[in-house]
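Data block below; observations after.
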Amino acid sequence: MYQPDFPPVPFRLGLYPVVDSVAWIERLLEAGVRTLQLRIKDRPRQRS
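Under UniProt numbering, the letters of the sequence shown match residues 1 to 48, in that order.
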């Protein structure tokens, strides 16, 4: 089975939140989180 190689991380990530909004990014950065992921799965449809 193929397994892609990922580069090693030189430090422990600790808490790694995955969030769905910029508001959450702001909150977590203010709380001291430095590694996070923004994941937006469902975008609203644009009107034509």
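C-beta atoms are modelled at their ideal positions from N, C-alpha and C, and glycine is treated no differently.
These figures come from a predicted structure and were not determined experimentally.
Distance CB(residue i)-CB(residue j) smaller than 8 Å
| i | j | result |
| --- | --- | --- |
| V33 | L15 | yes |
| Q37 | V18 | yes |
| D20 | R39 | yes |
Helix, strand or coil at residue i [DSSP, three-state]
| i | result |
| --- | --- |
| V22 | helix |
| L38 | strand |
| R47 | coil |
| R27 | helix |
Contact with chain B by residue i, beta-carbon distance below 8 Å
| i | result |
| --- | --- |
| R34 | Reference to chain B is not applicable here, since this structure consists of a single protein chain. |
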